[in-house]
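Asks: So the sequence lines, in the order shown, correspond to chains V and U. Under numbering that gives the first Met the number 0, the first sequence has 43 at position 44, and the numbering climbs by one with no breaks. Under numbering that gives the first Met the number 0, the second sequence has 59 at position 60, and the numbering climbs by one with no breaks. The beta-carbon is built from N, C-alpha and C at its ideal position, and this holds for glycine as well.
Protein chains: 2
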Amino acid sequence: MIKFLLDYSSGMPIYRQIIDQIRFGIASGQLKLGEQLPTVRALAVELKVNLNTVSKAYKELEIRNILETQQGTGTFISQTAHIVPEKEREDKLREICTQFSSVALSYGFQIEDIIQTLRHIESSKK
Amino acid sequence: MIKFLLDYSSGMPIYRQIIDQIRFGIASGQLKLGEQLPTVRALAVELKVNLNTVSKAYKELEIRNILETQQGTGTFISQTAHIVPEKEREDKLREICTQFSSVALSYGFQIEDIIQTLRHIESSKK
DNA sequence: ACCTTTGTCATATAATAATAGTACACTATT
DNA sequence: AATAGTGTACTATTATTATATGACAAAGGT
Numbered sequence: 000m001i002k003f004l005l006d007y008s009s010g011m012p013i014y015r016q017i018i019d020q021i022r023f024g025i026a027s028g029q030l031k032l033g034e035q036l037p038t039v040r041a042l043a044v045e046l047k048v049n050l051n052t053v054s055k056a057y058k059e060l061e062i063r064n065i066l067e068t069q070q071g072t073g074t075f076i077s078q079t080a081h082i083v084p085e086k087e088r089e090d091k092l093r094e095i096c097t098q099f100s101s102v103a104l105s106y107g108f109q110i111e112d113i114i115q116t117l118r119h120i121e122s123s124k125k
Numbered sequence: 000m001i002k003f004l005l006d007y008s009s010g011m012p013i014y015r016q017i018i019d020q021i022r023f024g025i026a027s028g029q030l031k032l033g034e035q036l037p038t039v040r041a042l043a044v045e046l047k048v049n050l051n052t053v054s055k056a057y058k059e060l061e062i063r064n065i066l067e068t069q070q071g072t073g074t075f076i077s078q079t080a081h082i083v084p085e086k087e088r089e090d091k092l093r094e095i096c097t098q099f100s101s102v103a104l105s106y107g108f109q110i111e112d113i114i115q116t117l118r119h120i121e122s123s124k125k
């Protein structure tokens with residue numbers, strides 16, 4: 000099961016963040032084809048957002064054939080879900096890195112200090 | 000002079016994109032301290048957005064002491080821009096790295112890819 | 001059959017984002 | 001003094017985002 004993480008100060012709408020994380024979750028293998036997603040109500044509670052916000056994200060992905068919904072049963076990753084194009088993954092990675100970089104550097108941090116801190120955080124996770 | 004580039008389909012509000020690009024421009028050295036920015040009207044025309052949208056971005060940066068405005072003359076990068084007290088820097092570094100790490104990993108990116116991208120961005124700043 | 005859980009739909013409300021237009025105040029130049 | 005160029009302020013309007021409710025429909029278990 001995927002762990003959703005919202006950034007309420009990013010300026011990106013919540014439903015778009017949900018869409019992104021599902022799409023990239025599939026691309027990165029965190030979400031398997033056919034896997035069931037959290038119910039709209041469960042995810043709404045987990046993310047502390049409205050049911051309609053989650054529903055909007057799911058519905059949009061359903062239109063794109065990335066999700067399949069069975070009313071009364073749940074929402075699933077489509078078996079035929081397309082992979083996010085590699086270029087889009089690279090663009091997204093560069094986008095979030097650029098944004099982070101601008102903030103970090105504006106505080107005067109050096110690239111090596113930043114990387115060292117990131118590695119430390121990563122290694123302390125397990 | 001900095002080249003602004005908007006992504007109208009990203010979901011991120013335009014005024015926030017302008018804010019981000021100015022901050023990143025300063026951090027990366029594209030914008031020098033004291034340098035004059037485009038006038039609100041000129042930038043509004045260039046970006047094909049409303050005057051008020053640019054004004055909103057400038058005003059917010061002015062509040063944060065990143066920009067200084069002289070009515071009738073123009074808007075400039077502050078000379079004393081964004082120096083963070085030394086004692087807060089370490090906590091801040093860890094904080095923003097943790098936040099960034101969570102977001103990046105939730106997209107399924109690997110730590111080494113992230114670091115490589117950060118290094119690439121850093122080195123491409125000349 | 002009944003009930004629960006699921007997704008869906010509809011209405012209303014509020015806040016935010018962006019536009020449009022107008023007017024005003026300040027500064028430098030002529 | 002007059003003018004052009006600057007930032008600022010204000011009202012109004014529209015679209016988007018998110019919330020709050022309530023009701024309905026479909027699936028599956030009891």
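Output the distance between the C-alpha atoms of LYS58 (chain U) and GLY107 (chain U), rounded to the nearest integer angstrom.
Replies: 36 Å
Asks: Measure the alpha-carbon distance for ILE76 (chain U) versus THR97 (chain U) and round it to whole angstroms.
Replies: 29 Å
Asks: Of all Cβ atoms in chain V, is any one closer than 9 Å to the Cβ of VAL83 (chain U)?
Replies: Note on VAL83 (chain U): pLDDT 48, under 50, position unreliable in the model; the coordinate value appears next. Yes, because at least one Cβ of chain V sits closer than 9 Å to the Cβ of VAL83 (chain U).
Asks: Do we get a CB-CB distance below 9 Å when we pair GLY33 (chain U) with the residues of chain V?
Replies: no
Asks: Residues of chain U with CB under 8 Å from GLN29 (chain V), in chain order?
Replies: GLY107
Asks: Which value, in whole angstroms, describes the spacing of the CA atoms of ILE1 (chain V) and THR38 (chain V)?
Replies: 13 Å
Asks: Would you say the beta carbon of ASP112 (chain U) comes nearer than 8 Å to a heavy atom of the ligand SAH?
Replies: The ligand content of the structure shown is nil, which means the ligand SAH is not present either.
Asks: Cα separation between GLN16 (chain U) and LEU32 (chain U)?
Replies: 20 Å
Asks: How would you list, in chain order, the residues of chain V whose beta-carbon sits under 9 Å from the beta-carbon of LEU4 (chain U)?
Replies: None at all; the shortest Cβ gap to chain V is about 11 Å.
Asks: Determine, for SER77 (chain U), whether the minimum Cβ-Cβ distance to residues of chain V falls below 9 Å.
Replies: no
Asks: Below 8 Å on C-beta distance, what does MET11 (chain U) contact in chain V?
Replies: SER9, GLY10 and MET11
Asks: So if I threshold CB-CB distances at 9 Å, which residues from the region 84 to 101 of chain V count as touching chain U?
Replies: ARG88, GLU89, LYS91, LEU92, ARG93, GLU94, ILE95, CYS96, THR97, GLN98, PHE99, SER100 and SER101
Asks: Listing by chain order, which chain V residues have their CB less than 8 Å from the CB of ARG15 (chain U)?
Replies: GLY10
Asks: Could you tell me the alpha carbon to alpha carbon distance between SER8 (chain U) and ARG40 (chain V), rounded to whole angstroms?
Replies: 28 Å
Asks: Tell me the rounded alpha-carbon separation between THR72 (chain U) and SER54 (chain U).
Replies: 14 Å
Asks: Run through the DSSP bridge pairs and tell me what GLN69 (chain U) is partnered with.
Replies: U:GLY73
Asks: Can you check whether the C-beta of LEU104 (chain V) is within less than 9 Å of a C-beta belonging to chain U?
Replies: yes
Asks: When you compare the CB of ALA139 (chain U) with every CB in chain V, is at least one pair closer than 9 Å?
Replies: Outside the shown range of chain U, which is 0 to 125, sits residue 139 (chain U), and nothing can be said about it.
Asks: Skipping 5 residues on each side, what residues in its chain have a beta carbon closer than 6 Å to that of VAL83 (chain U)?
Replies: Caution is warranted here: a pLDDT of 48 is assigned to VAL83 (chain U), below 50, making its placement in the model unreliable, and no coordinate value can be reported.
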